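Peer 1: This is the structure, below, for whatever I ask next.
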Amino acid sequence: MGSSQSKFKPGPHDCWHKMKVIGGQPKFLQCALQAIVDLHESTGSSQGRIIDYIQGVINAKQIRPRPRNIAMQIKRALKYATQNGMVNHRGGRYVMALSDKDFAIFKGLRPKDPIKVNVKPRKIVRTPKKSKRRHPNITKSIKDTAV
C-alpha cells in the first residue's frame, strides 16, 4: 500500500474540480435576460442587439454614475446564462430557455436590477436661509452708533 496515488480517481463525468467557485452571478444577468424577453425576436436576439437595447435603457433613464464596460459585463452575463441553461445559444443568437413562469420566479428571487426601473430624483436638502431681519439687539446698537 505504499503507492503515491490516492484512492479516489475522478471519472470522466466527475467535473467537481472544474467547477467555478469564485464569484457570483454577473451584475447585468437580469438585465440581459429582460432584454431578450423585451426584444420579442422569434429567431433570437443577437449579442449586439441586446447590448444596444441595454445601453439605450441606460441612456434613456439617465443613470448616474454610468456603469463601466457595459458590453463586457453583458457578454459575461450572456455566457453565464448559456452555461446555466437559462438561455439557448444557436448561430450567434440567444433565445430564452426559461418559461415565462420560471423567468417571473427568477426575477422575484434575484436582487434588483443595476438599472433601476423607477428612478426617482434625489431630494435636494437645503439649509434654511438666514432671515434678512437681524436680531433686535444688533439693530439697536447699529442705530445708536449711527446717530
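Here our numbering runs 15 ahead of the position in the sequence shown, where the first position is 1.
Idealized CB from N, CA, C, for every residue including glycine.
Note that this is a predicted model, so its numbers are computed, not measured.
1) Could you give the distance in angstroms between the alpha-carbon of Q45 and the alpha-carbon of M101?
2) How many Å lie between N103 and Q70 at the Cα?
3) I'd like the list of long-range same chain contacts for R105, defined as Cβ closer than 8 Å, with 5 residues on each side in sequence excluded.
4) State buried or exposed for Q77, treating a residue as buried only when at least 16 other CB atoms are found within 10 Å of its CB.
5) Could you check the C-alpha separation between L113 and I51 for me, to the nearest Å?
6) Who does Y109 pair with in a DSSP beta bridge?
7) Do the CB positions of F43 and I89 come within less than 8 Å of each other?
8) Assign A47 to buried or exposed, taking buried as 16 or more other Cβ atoms, counted over all protein chains shown, within 10 Å of its Cβ.
9) Can you give me the start and stop residues for the alpha helix (DSSP H) that I85 sits inside?
10) Do you know whose CA, among P82, N99, L93, lies nearest G107's CA?
Peer 2: This is what the structure holds:
1) 11 Å
2) 22 Å
3) G59
4) exposed
5) 11 Å
6) S60, H104
7) yes
8) buried
9) 85-98
10) L93
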